[in-house]
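**Student:** Let me give you the structure first, and then I'll get to my questions.
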Ligand code: PLP
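Take a look at the structure:
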């Protein structure tokens, strides 16, 4: 029987069995609309509020500051469009996920040409070769009309962790809002919104072994956020629409398990994962003409992004998939695109090297044997692809 090993947990993580069990009754006997006042509604309302408590425990905030959404993308959009108004200036970075990047680009569209767009100004601050934003650049980008800074906590392609607490301080001093996309950090490293000092923070269920299609936005008390969707007064009028009860219950359970993992410091927590990731990374970097993207920067414990000069990343992903190993060239939504990663090119990689880069991302289900399985396949596959590559022969001749 073919063995399958999944090292693409930044694209999505498998549901933990406990999460599935917690969700199951809400597809069956507990079917009520959480807004109904009868027994059935009360049952699901209680489940939603328990999940809200669990998410607030994960983030270190009040339950009333948690707004459930349909995922990370919606939470990012709600933070940005909920705050930015025509004429405002927003600061973001060049390495954001498309959920933030494209929301900001939409903000910045010319109002005359695109009626209905907010017509804001947006500054995208650069990153250095390690993938890090310099807080001094953020400070320099401030203008009298700056309303919001939105800079991610951990990057989905490289795992690089930004100096968000320093950036939050700059925002607080300027009396403007700070939002951070923590989708790739939640469940991997402990998060406390008070330590970061952010006003808004995004998480997504399916990146922490919860279900797809559910997420949450932390909105600090007294933040004047306009809803994006109008309807009923769900989620304290910040996000209309009948709650996705099974999804919310699953996100709550995933949050609870993440908190337990951090508290116990057990094998679910970062250390063991970091050890497995580091082992994988060390062995892969022993292959000639490889390098680590994000070297020298703090990173979440599950991710490594490595370039293999002379290969096409897509070809390596396909070759490994045929042998049972799932990895990726970067953001899931841009896989298959010819364009090299905007994150890696922003870090200064030339396009060929960005295209030769592969992201390996571990999850709680991965074992040391999974890493060994990957290590049994990758060096040989890279060697074979290089033999077939005219680019690699040229490199070999010229060096
Ligand atoms: N932000 C980051 C950093 C992500 O990695 C992702 C998903 O890949 C998202 C936002 C979007 O989250 P969702 O898939 O829940 O819409």
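Residue numbers (this note's numbering): 15 to 413.
Even glycine gets a Cβ: it sits at the ideal position worked out from N, Cα and C.
Mark residue 42 as exposed unless 16 or more other C-beta atoms lie within 10 angstroms of its C-beta, in which case mark it buried.
**Tutor:** So residue 42 ends up on the exposed side.
**Student:** At which residues does the beta strand (DSSP E) containing residue 103 begin and terminate?
**Tutor:** Segment 103 to 107, the beta strand (DSSP E) holding residue 103.
**Student:** Within a Cβ cutoff of 6 angstroms, which residues of the same chain sit near residue 66, ignoring the five residues on either side of it in sequence?
**Tutor:** Excluding sequence neighbours, residue 66 sits near 77, 80.
**Student:** Counting C-beta neighbours from all protein chains within 10 Å, is the total for residue 45 16 or more, i.e. buried, or is it exposed?
**Tutor:** Label assigned to residue 45: exposed.
**Student:** Indicate whether residue 257 and residue 62 have their beta-carbon atoms separated by less than 7 angstroms.
**Tutor:** In contact: residue 257 and residue 62 (Cβ atoms closer than 7 angstroms).
**Student:** When the Cα of residue 166 is compared with those of 143, 125, 127, 94, which residue comes out closest?
**Tutor:** Comparing Cα-Cα distances from residue 166 to each of 143, 125, 127, 94, the minimum goes to 94.
**Student:** Label residue 210 either buried or exposed according to how many other C-beta atoms from any shown protein chain fall within 10 Å of its C-beta, with 16 as the threshold for buried.
**Tutor:** By the 10 Å Cβ count, residue 210 comes out buried.
**Student:** Use the C-beta contact count for residue 159: other C-beta atoms within 10 angstroms, 16 or more gives buried, fewer gives exposed.
**Tutor:** The residue in question, residue 159, is exposed, as its Cβ has fewer than 16 Cβ neighbours within 10 Å.
**Student:** Report whether the distance from the Cβ of residue 316 to the nearest heavy atom of the ligand PLP is below 6 angstroms.
**Tutor:** Not so, every heavy atom of the ligand PLP lies at least 6 angstroms from the Cβ.
**Student:** Where in the segment 22 to 98 do unbroken runs of the beta strand (DSSP E), each at least 3 residues long, occur, reported from the N-terminal end onward?
**Tutor:** Here the runs fully enclosed are 80 to 83.
**Student:** Assign residue 150 to buried or exposed, taking buried as 16 or more other Cβ atoms, counted over all protein chains shown, within 10 Å of its Cβ.
**Tutor:** Exposed: under 16 other Cβ atoms inside 10 Å.
**Student:** Measure the alpha-carbon distance for residue 460 versus residue 132 and round it to whole angstroms.
**Tutor:** As shown, the chain starts at 15 and ends at 413. That puts residue 460 outside it, with no answer to give.
**Student:** Whether or not the segment 236 to 254 and the segment 262 to 269 are in contact is what I'm after, with contact meaning three or more pairs of Cβ atoms, one per stretch, closer than 8 angstroms; do they touch?
**Tutor:** Because the criterion of three Cβ pairs below 8 angstroms is not met, the segment 262 to 269 and the segment 236 to 254 do not touch.
**Student:** Once the 5 residues before and after residue 354 are set aside, which same chain residues still bring their CB inside 7 angstroms of it?
**Tutor:** Around residue 354: 365, 368, 369.
**Student:** For the segment 276 to 322, list the alpha helix (DSSP H) runs that are entirely contained and at least 4 residues long, ordered along the chain.
**Tutor:** You should have 284 to 299.
**Student:** With respect to the alpha helix (DSSP H) encompassing residue 119, which residues constitute its N-terminal and C-terminal limits?
**Tutor:** Where residue 119 is concerned, the enclosing alpha helix (DSSP H) stretches over 112 to 121.
**Student:** Just to confirm, is the Cβ distance from residue 168 to residue 198 under 7 angstroms?
**Tutor:** In this structure, residue 198 lies closer than 7 angstroms to residue 168 by Cβ.
**Student:** Compute the minimum distance between the beta carbon of residue 69 and the heavy atoms of the ligand PLP, and state whether it is under 6 angstroms.
**Tutor:** No, the ligand PLP has no heavy atom inside 6 angstroms of this Cβ.
**Student:** Should residue 51 and residue 105 be called a contact, given that it needs their Cβ atoms to be closer than 7 angstroms?
**Tutor:** Contact flag unset, no.
**Student:** Kindly examine the ligand PLP and report whether one of its heavy atoms sits closer than 6 angstroms to the Cβ of residue 131.
**Tutor:** False, no ligand heavy atom lies under 6 angstroms from that Cβ.
**Student:** Cβ of residue 200 versus every heavy atom of the ligand GDP: is any distance shorter than 6 angstroms?
**Tutor:** For the ligand GDP, the structure offers nothing, since it holds only the ligand PLP.
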